[in-house]
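Chemist: Let me begin by handing over the structure; questions about it come next.
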Amino acid sequence: MTARYRAVLTGAAGGIGTAIARRLVAQSDLLIIVGRDRERLVGLARELAGTPVQTICGDLCDPRTVLAVTAAARDSGVNLLVNNAGVSAFHAFETQDPMAIRQLIDTNLVAPMLLTRALLPQLGLAPAAQVINIGSVFGSLGFPGFAAYGAAKAGLAGFSQSLRRELADTTIAVRHFSPRATRTAINSAAVDALNRELGTTEDTPEAVAEAFMRFLAGTAAQHTVGTKERFFVLLNKLLPGLPENALRKQLVQIRKHLPH
Ligand SMILES: NC(=O)c1ccc[n+]([C@@H]2O[C@H](COP(=O)([O-])OP(=O)(O)OC[C@H]3O[C@@H](n4cnc5c(N)ncnc54)[C@H](OP(=O)(O)O)[C@@H]3O)[C@@H](O)[C@H]2O)c1
68 MTARYRAVLT GAAGGIGTAI ARRLVAQSDL LIIVGRDRER LVGLARELAG TPVQTICGDL
128 CDPRTVLAVT AAARDSGVNL LVNNAGVSAF HAFETQDPMA IRQLIDTNLV APMLLTRALL
188 PQLGLAPAAQ VINIGSVFGS LGFPGFAAYG AAKAGLAGFS QSLRRELADT TIAVRHFSPR
248 ATRTAINSAA VDALNRELGT TEDTPEAVAE AFMRFLAGTA AQHTVGTKER FFVLLNKLLP
308 GLPENALRKQ LVQIRKHLPH
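Numbering (the working numbering), first residue to last: 68 to 327.
In structure tokens form, the structure reads like this:
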């Protein structure tokens, strides 16, 4: 029997979030969608009509938004939290704005940690529940120009692993899903140009959402999208000198696009 979800999905109005929401709705009895853009959230909720959808509009770095999500989830039987909201920055680290670095770590790491913490009591009431954190290949494979983003996503991977082990004797599974480059608004024109020059494989958000739904139905602790990317992540763990040399050779091309 296919599982039924009562889900909280952050970043729902974004590229990957919307594609996930459109698929998740068929298996859901409740969707609580979270984002900052009210118009896009309401538009998405209208499109998903047929399943009860609640919209929470707010910045996830603001504790009031976390409280609003917790209040919406209370007594709702929530059994799935997808921490998908995120921001990216492709920038020379030395000249990256310190406030932008803080904001990036706050959005991509601290906010999902605190939302997870706030929802654990509700998730713990369900017979089986999941927290799925959306990471990135760059969280396992450091890439020039993404030092702050990579740090946040590596932190999210560490958080997912530690919490999964902490909750191993409970009904809450904590899992980690890492897309590779995907065509969404998160990527600046400079990233798009770099990807074109390096011939980087880019997925559509729809393909990522398909892979996410397969992951959701399974039990793997973590998944990285893309066979080549999974290979490089493994190589980076076992023989980090090899990707290090390969990236060193691409540095001239990367620097050409790197804002500083
Ligand atoms: N696209 C890629 O190449 C790629 C690759 C690997 C991993 N990822 C990860 O996939 C996830 C989804 O990204 P995407 O590509 O779909 O990007 P996107 O289209 O820009 O969507 C990101 C969403 O996150 C929301 N968000 C950002 N900061 C927020 C905050 N402080 N509070 C509330 N919501 C916030 C945005 O809300 P607003 O609509 O209000 O801006 C937006 O809806 C991210 O975690 C990203 O790091 C993406």
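We put the CB at the ideal spot given by N, CA and C, even for glycine.
Name the one or two DSSP bridge partners that F282 has.
Modeler: Translated into positions along the sequence shown, residue 282 becomes position 215. Partner(s): none; F282 has no beta bridge.
Chemist: Considering only C-alpha positions, which residue in the set A288, L325, A235 is nearest to F210?
Modeler: Within the sequence shown, the letter at position 143 stands for residue 210. Cα-wise, what sits closest to F210 is L325.
Chemist: Quick check on V145: does DSSP put it in helix, strand or coil?
Modeler: Taking the first residue of the sequence shown as position 1, residue 145 is located at position 78. If DSSP states are grouped into helix, strand and coil, V145 belongs with coil.
Chemist: Quick one: using the 10 Å Cβ neighbour count with 16 as the cut-off for buried, is Q320 buried or exposed?
Modeler: Position 253 of the sequence shown, counting from 1, holds the residue named residue 320. Exposed, by the Cβ-count rule.
Chemist: What are the boundary residues of the beta strand (DSSP E) that includes S245?
Modeler: Looking up residue 245 in the sequence shown gives position 178. Looking at the DSSP string, the run of the beta strand (DSSP E) that includes S245 is 239-245.
Chemist: Where in the region 157-202 do unbroken runs of the alpha helix (DSSP H), each at least 4 residues long, occur, reported from the N-terminal end onward?
Modeler: You should have 165-172, 178-190.
Chemist: Just grab the DSSP bridge partners of Y72 for me.
Modeler: Numbered from its first residue, the sequence shown carries residue 72 at position 5. Partner(s): S95.
Chemist: Could you check if S245 is buried or exposed, using at least 16 other CB atoms within 10 Å of its CB as the buried criterion?
Modeler: For this step, residue 245 is matched to residue 178 along the sequence shown. So S245 counts as buried.
Chemist: Nearest by alpha-carbon distance to V133: which of Q94, V101, A159 is it?
Modeler: Your numbering for residue 133 matches position 66 in the sequence shown. The shortest Cα separation from V133 among Q94, V101, A159 belongs to V101.
Chemist: For D270, which of helix, strand or coil comes out of DSSP?
Modeler: Sequence index remark: in the sequence shown, residue 270 carries index 203 (1-based). Strand at D270.
Chemist: From what residue to what residue does the beta strand (DSSP E) around V120 run?
Modeler: By one-based count along the sequence shown, residue 120 stands at place 53. Per DSSP, V120 belongs to the beta strand (DSSP E) from 120-124.
Chemist: By Cβ distance below 7 Å, which residues in the same chain neighbour S143 in space, the five residues on each side in sequence not counted?
Modeler: By one-based count along the sequence shown, residue 143 stands at place 76. Taken in chain order, the residues that qualify are R73, L97.
Chemist: Comparing C-alpha positions only, which one of V75, T77, I83, A70 sits nearest to I253?
Modeler: As a working mapping, residue 253 is identified with position 186 in the sequence shown. Ranking V75, T77, I83, A70 by Cα distance to I253 puts I83 first.
Chemist: Which of helix, strand or coil does DSSP assign to G102?
Modeler: What you label residue 102 is simply residue 35 of the sequence shown in a count that begins at 1. The answer is strand: DSSP assigns G102 an E or B state.
Chemist: Strictly by DSSP, which residues pair up with N328?
Modeler: Outside the modelled stretch of the chain, which goes from 68 to 327, sits residue 328, for which no answer is possible.
Chemist: Are the CB atoms of L148 and L186 nearer to each other than 8 Å?
Modeler: Within the sequence shown, numbered from 1, the residue matching residue 148 stands at position 81. Within the sequence shown, numbered from 1, the residue matching residue 186 stands at position 119. Against a cut-off of 8 Å, the Cβ pair of L186 and L148 comes out as a contact.
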